[in-house]
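Chains as they are written, first to last, in the numbering used here: chain A, 40 to 381; chain B, 40 to 381; chain C, 40 to 381; chain D, 40 to 381.
Don't be surprised by glycine CBs; every beta carbon is placed ideally from N, CA and C.
Structure first, then comments.
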């Protein structure tokens, strides 16, 4: 049983079927195929506004490409200290932007506030040309610690950013999980809340390998930047087909809601385990908990994969995927109880 | 009917089946899955030597990543003027290397000789620190104009490179087509001929999106370079499965041979068309020809997709794919004859 | 006696005096000093328009910084094959732009024409996102082979550039020598002829180490780009003082005219040497000539430093500096005659 | 009177004289002159070991070039949060390295300990290819807050670095001030303590614009990296002459000692000012103090330039230069007392 990462889950049946359907004869390459041609409109419908969509195959590619569009080489990107762009992309943002500086912010649940951003911005400016230009802000939705920003929180952050002349990016590697929790329109927490560019993730939530850079404002030569990063697929149809199926008929939200539901069940169950502390809020599909060492060992001993979180003693992360079943969660809770009693 | 590019072909049945088979339950992500774990050995068997394999999803990624491993930012890469790395990757090599300089060489069929390389190297060195360091050579096999290097030609080139302290890369986007023509062992035209790094292509020849960077010599931190370029797939199994199926049981060579055979048939047929000149050698799966404008228009009017080659009047490229059928080629020849007579 | 390069000449008395005068007590650093404060206006007067001036200490810095302002990482810079930016800066333009592509053009005297540029531009565009964006043009004035563009030649080039949406740069490492020859206003061959950014050189013509990036159109964050390249001097006054003295009272033109005059004398004299061919035009301070090997050896044997030009048999370059004297030139001519007769 | 920065001081008489002496006739350019030729040996004598010296014109250039030699694009540089490389160089290290990540450490006086470094290193490694490779450590001597590392502190830091396979850099923009305080051999706190590369500063301490990158271990192609950054001066003799004069006869230490002495006097005097708190240790030429607002205003009102330190209320920095006089310091103390009593 695997709760280590939603990245370890298989691709959803609907996605696999869409890939198979796309495999019909010859079509033009590099995005000149009919499926790709539909994406701007389909995502435009989803987001209730005109958008440009650039499909890519990884979240790191989506984030780094997005940031390179809104932050110059001499710029500074504000993000949370625990942001994926700051910690888990081997300096891809620095690479794609040509050397921009990431400026980490603090805050519980890997969320930062508009005030924290404002204070950080106010600390810049005294050094003139000796310091990078505050240029961009990146928020993660849902966050790397499983929390979710409310639309008004995003709006407050982007208002501070806009006032300082900065552009805004949302890392939505788990965007579906956030929307499933919020119950709002995707627009409400993105462009209506002031977001300029969104990394819209699908891979963790059922796709094979598909993410979309969604531009709510036109950005110069995004296509050339994608191309020179090696991210313009020749057989683009297979990538676009995943994205099309993912947003068709609300599949993405159904899958995300399923994962969230299991995470909530898991959190509830773990709270009843002696010695366990679930680190609320569990607002998406990730559960962070402090567990007694014996429980951690016991779970792993029973073949349950989890993520021993680096840097915090006895902290683990358990992630529920779109395909995590009731019995899987039940089994974890039961195993944790057993281990706690031994 | 599509002869415009092998990139426009569908994925082969065997590849699709392998992807479907890989979609079983949870496995570890980012290359820690069992399929990826087998690749080094499988490719080692294929190449009769120890290798390290890094799967990526595009030829540009494979080439740019490869060059970044063997050429420093202050280095110079020698390649043919018509090389894909020089013309068709929107400066991806410059991006990945951090600003290296590509030094184009001349030669018919997009091939250059060891002598041409030697002369170009001899023209460097007079400017000291004012000029980039000759660091790497890149050859394309088969070339962008459909020609194939013989093992001894590659060996002569790499000997000149080695003598000048340079490392060597082969862009094998159509490597299968070259080997199908040469009939030699893959080793003979790569590491045994002095190649250090190979971009081993599969996408044009039946894969969905899969290329392998094959390292014949260890290169420091290739994995981190792949990661920061956004090319480390979370669900790597789907990429590795394509590569595994592609080289299993000689599928790659069967598919390439089929494409080559149709290209030879097509070339033969077009030579009989009044006013047509096939630009030999047709050694792989690409046919370059000068056709009367009426023939070009006639083919397109009959729904046959081809590539009007930029820069040369009345020159077209017709590419045969692994799945191009006898009747497709026959139809082109027949249509060309018709159009020539009108 | 040294005719190898004007870079080997000492600093002019007037420049040394200006540096000494600037060394009075404490002044604000990083360009907040009174001398630097005057530069925009002084250069504005010289160029008869509003300009922004960024002093730097090398021609490579001036060129690479300039190009980074007008060419994005995914852009293409058109320049002559023999351009300093293409050949003698160890890929500094690629480094500063973040990987832009230099596209070399041909033409005698290291000059290219508006037509050559137009044809090169027309060869782009067929590859879509696969090729870099034509973004900038760089011309050298006077050229690396000692020729000078007429204002109307520059205007024709920049018109082609502008029509293609490109910005324009002039490498004026020997700008003074060009103006001394043309006798026109500096404006006539720069912004009035459509140039956006000028590398205004002083080092080769009497300064200790001083070049100015002169912006005829505002460019975003040029200061931050200079800073992160390590080219923002703390004691900027010493750099600005050189530039101020250099353009005050026409010093720069007097020095350049003196150098040009000696080059003309040298060319005339060498033409009378048996077996020698001076490669006209000698329009600035550089003389290129094919000399009999015995003459080259003879000159060097008599302690006369010259530059054996790489790549062309028996070709030498002799450069006259602002401080080259009549007797120096006479001595070269006399030595060449002697050597030719032995 | 200026206590704002040693960067605002004039050049020392001895340095100006050396520049004037260097201005004799023609010499070879780009470092092929006799003065530059002597530098390796002169610095070798000073440091009691074989070294390679690359003169550059700014501290940012020295630091960024140094880091690019020892940290790859996918690497991580550990440094203090207040390090100049982290805060005051507009991402020059990121630019020169091609996107490396700076990892800030904490510690009083802008010093960090070997333990702090060890703990930070231990926090890496859990993310595999997703995080940059710990590659380099940079310490500043004396620090940005005026403190000085003891040789054994440096040795402990470099021992931790070495054990983790990392290389080490010292930012010695105020290296003379540190050595004047320590009284040890320059070797003791650099290569004997495990430092690989030193930015040896002269500009703040009497030079016009001169810093030396001193390599204690050979580094590949440092010259080409300098060249492509635009930092290879054509008239290098003027830069090398400053460095030669600076280290000849102990000038650098005499100048630094004079500055340190005045800083000590200034600190003593300010401690007697009501409401003032000097932030010890004052180990070099910088005094950090918390002063009553009225005192800060009073000093500025009396024409005394100081640096209101950003980020800390009522904190100022006063820097003594090599040429700060007894009466200047006395005047500050007296003015502060006056202002405190009003």
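Which residues in chain C have a C-beta closer than 8 Å to the C-beta of residue 257/A? List them in chain order. Within 8 Å Cβ-Cβ: nothing; residue 257/A doesn't reach chain C, min ~15 Å.
By the 10 Å Cβ neighbour count, where 16 or more other Cβ atoms means buried, how is residue 222/B classified, buried or exposed? exposed
Of all the options 77/B, 200/B, 336/B and 179/B, which has the alpha carbon lying nearest to the alpha carbon of residue 159/B? 200/B
Residue 270/B, DSSP secondary structure in three states: coil
Identify, in the order they occur along the chain, each residue of the same chain with its Cβ nearer than 8 Å to the Cβ of residue 344/A, setting aside the five sequence neighbours on each side. 40, 41, 42, 43 and 47
Over the uninterrupted alpha helix (DSSP H) stretch that includes residue 80/D, give me the two end residues. 73-86
Closest to residue 51/B by C-alpha separation, out of 281/B, 109/B and 66/B, would be which residue? 281/B
When you compare the CB of residue 140/D with every CB in chain C, is at least one pair closer than 8 Å? no
Against residue 223/A, what residues of chain B qualify as contacts under a CB-to-CB distance less than 7 Å, listed in chain order? Those do not exist, as residue 223/A stays about 27 Å from chain B at its closest Cβ, beyond 7 Å.
Since residue 116/C and residue 139/C are thought to touch, with beta carbons under 8 Å apart, how far apart are those beta carbons, to the nearest angstrom? 6 Å
Count Cβ pairs between the stretch 228-237 of chain C and the stretch 56-71 of chain C that sit closer than 8 Å; are there 3 or more? no
Which residue marks the beginning of the beta strand (DSSP E) containing residue 149/B, and which one marks its end? Where residue 149/B is concerned, there is no enclosing beta strand (DSSP E), given that its DSSP letter is neither H nor E.
Less than 8 Å between the CB atoms is what I'm expecting for residue 184/C and residue 263/A, so what's the real figure, rounded? In fact, because the Cβ distance is near 34 Å, the residues do not count as touching under 8 Å.
Output the residue ranges of the beta strand (DSSP E) runs that lie fully inside the stretch 280-333 of chain C and measure 3 residues or longer, sorted by chain position. 325-329
Figure out for me which residue from 133/A, 278/A and 213/A has the closest Cα to the Cα of residue 322/A. 213/A
Determine contact between the stretch 266-275 of chain D and the stretch 98-107 of chain C, defined as no fewer than three beta-carbon pairs at a distance below 8 Å. yes
Can you tell me whether residue 210/C is helix, strand or coil according to DSSP? strand
Output yes if chain A places a C-beta closer than 8 Å to the C-beta of residue 240/B; else output no. no
Proximity below 8 Å, CB of residue 333/D to CB of residue 370/D: no
8 Å is my cut-off, CB to CB: does residue 67/C come that close to chain D? yes
Put residue 189/D into one of helix, strand or coil per three-state DSSP. coil
For the stretch 308-339 of chain A, which residues have a beta carbon sitting closer than 9 Å to at least one beta carbon of chain B? none
Of all the residues that make up the stretch 156-178 of chain C, which are near chain B by a beta-carbon distance shorter than 7 Å? 162, 165, 166, 168, 169, 170 and 171
At what residue ranges does the stretch 211-257 of chain C contain a whole run of the alpha helix (DSSP H), taking only runs of 4 or more? 214-221
Complete beta strand (DSSP E) runs within the stretch 346-380 of chain D (minimum length 3 residues, chain order): 354-358
Using the Cα positions of residue 168/B and residue 250/D, report the straight-line distance between them to the nearest angstrom. 20 Å
Proximity winner among 132/A, 216/A and 261/A, relative to residue 103/A (alpha-carbon distances): 132/A
Can you check whether the C-beta of residue 111/C is within less than 8 Å of a C-beta belonging to chain D? no
In angstroms with no decimal places, state the Cα-to-Cα distance between residue 227/B and residue 255/B. 13 Å
For residue 130/D, the three-state DSSP class (helix, strand or coil): coil
Give me the Cα-Cα distance between residue 294/B and residue 122/B, rounded to the nearest whole angstrom. 24 Å
Looking only at its own chain, which residues have a Cβ that is under 7 Å from the Cβ of residue 278/A, when we skip the five neighbours before and after it? 94, 96, 249 and 272
In chain C, which residues lie with their C-beta within 7 Å of the C-beta of residue 96/D? 96 and 272
Per-residue DSSP class, three states only, for residue 117/D: strand
Throw me the rounded Cβ distance for the residue 181/D and residue 217/D pair, which I believe falls under 8 Å. 4 Å
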